[in-house]
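Beneath this line is the structure, given in structure tokens, with notes to follow.
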Amino acid sequence: MAKLQTILLVDRETDFLEWAQNQLKSPAARVLLETSADTAYKTFCMEQPELVLAETNLHPFSGLELLARIRKHTPNAMVILTSAFGTTQSVIEAMKMGAFDFVRKEQLPFNLKVVVDSALQAAAELQSASAFKPQLTVEQHREDIVGRSDAMQQVFKMIGRVSGSEAPVMITGESGTGKELVARAIHNYSHRSGKSFLAINCAAIPDNLLESELFGHEKGSFTGAHSQRIGRFEQCDNGTLFLDEIGEMPLQVQSKILRVLQEGEFSRVGGNQTLRTDVRIVCATNKNLEEEVARRAFREDLFYRLNVVRIHLPPLRQRQDDIVLLAEYFLQKIANQKHRPPVKLSEEAIRVLEAYPWPGNVRELENTMQRASVLATADVLLPKDIPLGQKLSEPAGPADSENGAPLTKEAAMEALFQMAAGDPALQLLPWLEREFTLRAMQKTDNNQVRAAKLLGITRATLRKRLDRNGEAAEE
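-11 is the number of the first residue of the sequence shown in the numbering used here; add one for each residue after it.
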């Protein structure tokens, strides 16, 4: 006869315990109920259940503390934490400390049995697994990553899982989704948190200077090298280096990055000394690096070295549940900086925010809230106080250009979207890339350096765009 599986449910609400017990009871399962963290821990030690499902808000200590005690007693214990108000920090902490999952209570009526069955299956498979070694201390950090959507909950869980490892992490997603915030969170929850976190945008540094920026240079190694320079890899020893827009990195620099990942060694530009460094690399890109590898613009061996763990940040338009939450968070942040009560959102303003597609993602939303808080004439935001919402609800007409007022970025963007909506065959982003590239070349008399500066990109990126659009990349 098969051994009964024991499930321990811990929650302050007896109604929830009774409901969950009814959902999980079966001839093959024994369900135990506890309402406090201390008695739950005693029951766990005596009964050794296959699974613990516990609320985070417990007494006399929290569900996170209960998780820590259980995992210390039994390293492979299966614990699922639940909460009606799960914060970013609690989700990340729970996953880092070894929780099997973190589930919002509002989701349990739909997937309680699925999550529990999955955990019980994992418990059976892990009976002979090696023990998990939890960290003894966890430093608390305040993160600016906000989200209640399912997609962001998965991101938080991934941060918690990877922060305790040394594996390189690749973060993908559109511009403005918050890739650097995720990189900082990975660092802050890792054992390297007491060391340096340095970020470098590979697209913002000219190709001929990027190698020196990363690895340093010796005095006299090139024109203008008047003294020795210590590069980011030396500055960041034992810390985390975030390489943003890594898809823009030149091939010759890619080969040196690969050597650091493989050997932990590098040399300064113009130097003969081999230096060692212990740096965790987290990178980010809004490009499809698989396509870049296929057309040999990115090294395949480096791609596989960096793509050990991938975290994808969804665009804001796919995170409808997070728009108002983020807007309120930014308004509170602005109010704290200015030492005044936060501006509130009216119902009409909320509808405007939720209807807008947010092509600039979270960064655009934050900038919009900053402008709106300045434009507001009361302590409640109305649609008229939100420039983007105003353009969305009141389509721009010719008066914008006829009244002599300067064309705003919001009006220009809205006009582009209206143009695209009127021409279904138009592929807006490829068309914009081609038109901006060619117009910049025309305005600068085909001077690539000036054109790249005008567009805010590197010369190497400009040359790639000219090649991609069938234009000669002349000097």
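Virtual Cβ for every residue (Gly too), placed ideally from N, Cα, C.
Residue i to residue j span [Cα, whole Å]
| i | j | result |
| --- | --- | --- |
| aspartate 266 | isoleucine 133 | 27 Å |
| asparagine 260 | arginine 284 | 29 Å |
| leucine 417 | leucine 454 | 15 Å |
| aspartate 225 | glutamate 199 | 17 Å |
| threonine 39 | glutamine -7 | Note on identity: in this sequence residue 39 is leucine, with threonine being the wrong assignment. Leucine 39 and glutamine -7: Cα-Cα distance of roughly 8 Å. |
| proline 345 | valine 281 | 31 Å |
| threonine 27 | glycine 51 | 12 Å |
| asparagine 324 | tyrosine 317 | 11 Å |
| isoleucine 80 | asparagine 295 | 21 Å |
| methionine 357 | alanine 192 | 27 Å |
| phenylalanine 49 | tyrosine 29 | 11 Å |
| phenylalanine 254 | cysteine 190 | 18 Å |
| glutamine 9 | alanine 400 | 57 Å |
| lysine 321 | serine 137 | 21 Å |
| alanine 213 | isoleucine 68 | 56 Å |
| glycine 164 | isoleucine 188 | 16 Å |
| aspartate 373 | phenylalanine 405 | 22 Å |
| glycine 385 | proline 371 | Low local confidence applies: a pLDDT of 41 at glycine 385 is under 50, so the model's placement there is unreliable, with the coordinate-based value given in what follows. Between glycine 385 and proline 371, the C-alpha separation is close to 18 Å. |
| isoleucine 465 | glutamate 288 | Look at the range of the chain in this structure, -11 to 463, and you will see that residue 465 is not part of it. |
| glutamate 6 | phenylalanine 98 | 17 Å |
| leucine 426 | leucine 353 | 30 Å |
| leucine 263 | methionine 237 | 22 Å |
| aspartate 232 | phenylalanine 291 | 14 Å |
| leucine 333 | valine 257 | 54 Å |
| aspartate 388 | proline 194 | With a pLDDT of 42 at aspartate 388, under the threshold of 50, the predicted position of this residue should be treated as unreliable, though the coordinate-derived value follows. If I take the Cα positions, the gap works out to 38 Å. |
| leucine 223 | methionine 140 | It should be noted that the sequence gives glutamine, not leucine, for residue 223. Distance between the alpha carbons of glutamine 223 and methionine 140 is about 32 Å. |
| serine 361 | glutamate 336 | 16 Å |
| alanine 440 | asparagine 196 | 15 Å |
| valine 103 | proline 347 | 35 Å |
| glycine 166 | phenylalanine 286 | 23 Å |
| glutamate 35 | valine -2 | 14 Å |
| alanine 448 | alanine 112 | 53 Å |
| threonine 467 | asparagine 45 | As displayed, the chain neither begins before -11 nor continues past 463, which places residue 467 out of reach and without an answer. |
| phenylalanine 185 | isoleucine 269 | 10 Å |
| leucine 443 | glutamine 415 | 20 Å |
| threonine 23 | serine 14 | 22 Å |
Burial state of residue i, where buried means 16 or more other Cβ atoms lie within 10 Å
| i | result |
| --- | --- |
| lysine 326 | exposed |
| aspartate 105 | exposed |
| isoleucine 218 | exposed |
| asparagine 176 | buried |
| glutamate 127 | With a pLDDT of 33 at glutamate 127, under the threshold of 50, the predicted position of this residue should be treated as unreliable, though the coordinate-derived value follows. The residue in question, glutamate 127, is exposed, as its Cβ has fewer than 16 Cβ neighbours within 10 Å. |
| leucine 239 | exposed |
| alanine 16 | exposed |
| glutamine 430 | exposed |
| phenylalanine 210 | exposed |
| serine 78 | buried |
| proline 329 | exposed |
Residue i CB to nearest heavy atom of the ligand PLP below 7 Å
| i | result |
| --- | --- |
| arginine 422 | The ligand PLP is absent from the structure shown, which contains no ligands of any kind. |
Residue from the options with nearest C-alpha to residue i
| i | options | result |
| --- | --- | --- |
| isoleucine 311 | Lys332, Ile338 and Pro347 | Ile338 |
| lysine 84 | Val143, Ala272, Arg293 and Val350 | Val143 |
| alanine 25 | Asp3, Ile58, Ala16 and Ala17 | Ile58 |
| threonine 160 | Ala171, Ser153 and Ser151 | Ala171 |
| isoleucine 299 | His47, Leu169 and Ala111 | Leu169 |
| glycine 235 | Ser209, Lys101, Ala272 and Leu263 | Ala272 |
| proline 375 | Phe203, Val340, Gly182 and Leu41 | Val340 |
| phenylalanine 4 | Ala56, Ala72, Pro37 and Gly148 | Ala72 |
| lysine 93 | Leu108, Ala110 and Thr75 | Thr75 |
| leucine 464 | His214, Gly208 and Phe203 | With the chain represented from -11 up to 463, any question about residue 464 goes unanswered, as that position is not in the structure. |
| arginine 349 | Arg307, Lys372, Asp367 and Val437 | Rather than arginine, the amino acid found at residue 349 in this sequence is asparagine. It is Arg307 whose Cα lies nearest to the Cα of asparagine 349. |
| glycine 152 | Lys207, Ala82 and Glu201 | Ala82 |
| glycine 135 | Phe221, Glu352, Ser334 and Leu314 | Leu314 |
| glutamate 154 | Ser215, Phe90, Ala428 and Arg180 | Arg180 |
| glutamate 421 | Arg456, Ala110 and Val248 | Arg456 |
| methionine 146 | Gly227, Asn355 and Phe90 | Phe90 |
| valine 297 | Val437, His205 and Pro156 | Pro156 |
| glutamine 109 | Gln11, Ile(-5) and Lys452 | Ile(-5) |
| leucine 277 | Leu55, Glu1, Met158 and Leu54 | Met158 |
| phenylalanine 32 | His47, Leu54 and Glu43 | Leu54 |
| lysine 464 | Leu12, Arg293, Glu423 and Glu342 | Since the first residue shown for the chain is -11 and the last is 463, residue 464 is missing from the structure and cannot be characterised. |
is_contact[residue i, chain B] using C-beta, thresh 8 Å
| i | result |
| --- | --- |
| glycine 235 | No chain B appears in the structure shown, which is made up of a single protein chain. |
Q) Do the stretch 239 to 252 and the stretch 295 to 309 make contact, defined as three or more Cβ pairs closer than 8 Å? A) no
Q. When the Cβ atoms of the stretch 85 to 97 are set against those of the stretch 58 to 70, are three or more pairs found closer than 8 Å?
A. yes
(Q) At 4 residues or longer, what runs of the alpha helix (DSSP H) sit wholly inside the stretch 261 to 318? (A) 277 to 282 and 288 to 294
Q.
Which complete beta strand (DSSP E) runs does the stretch 33 to 78 hold, if anything under 3 residues is left out?
A. 39 to 43 and 67 to 71
Q. Can you list the beta strand (DSSP E) stretches of 3 or more residues lying completely in the stretch 174 to 254, in chain order?
A. 185 to 189 and 228 to 232
Q) Which parts of the stretch 131 to 178 are runs of the alpha helix (DSSP H), unbroken and 4 residues or longer, counting only runs that do not cross its ends? A) 138 to 151 and 167 to 176
Q: Mind listing, in chain order, the continuous alpha helix (DSSP H) runs of no fewer than 4 residues lying wholly within the stretch 421 to 449?
A: 436 to 443
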